[in-house]
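Numbering (the numbering used here), first residue to last: 101 to 171. In what follows, a structure is listed as structure tokens, so that the remarks can point back to it.
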Amino acid sequence: MSIFRRPDYQSEATQFLAQLKADKPQLQAQQVAGRALLWDKAVDRELWQDLRAGRVAQKPYVYYAYSNKKQ
């Protein structure tokens, strides 16, 4: 046994999450379904390529009123 080993400590947050997962075993499946709903999307690479090709470059400072007149 190492002299630096700490006792098995679990914070209140870790204990809460462990208890929550024990009480609701379907929680993991619900989390996966929620992630799939928001984040896991099929990417149409051709569409994104077309969108990027059609971008118009933004001027360096958008709040400045550019004019063609020279003073």
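Idealized CB from N, CA, C, for every residue including glycine.
Run of the alpha helix (DSSP H) containing residue i, from where it starts to where it stops
{"i": "K121", "result": "112-123"}
{"i": "V130", "result": "It should be noted that the sequence gives Gln, not Val, for residue 130. Start and end: 127-138."}
{"i": "A153", "result": "145-153"}
Three-state secondary structure (DSSP) of residue i
{"i": "Q158", "result": "coil"}
Chain-order list of residues whose beta-carbon lies under 6 Å from that of residue i (same chain, five-residue window excluded)
{"i": "Y163", "result": "none"}
{"i": "Q149", "result": "none"}
Beta-carbon gap between residue i and residue j smaller than 8 Å
{"i": "L120", "j": "L127", "result": "yes"}
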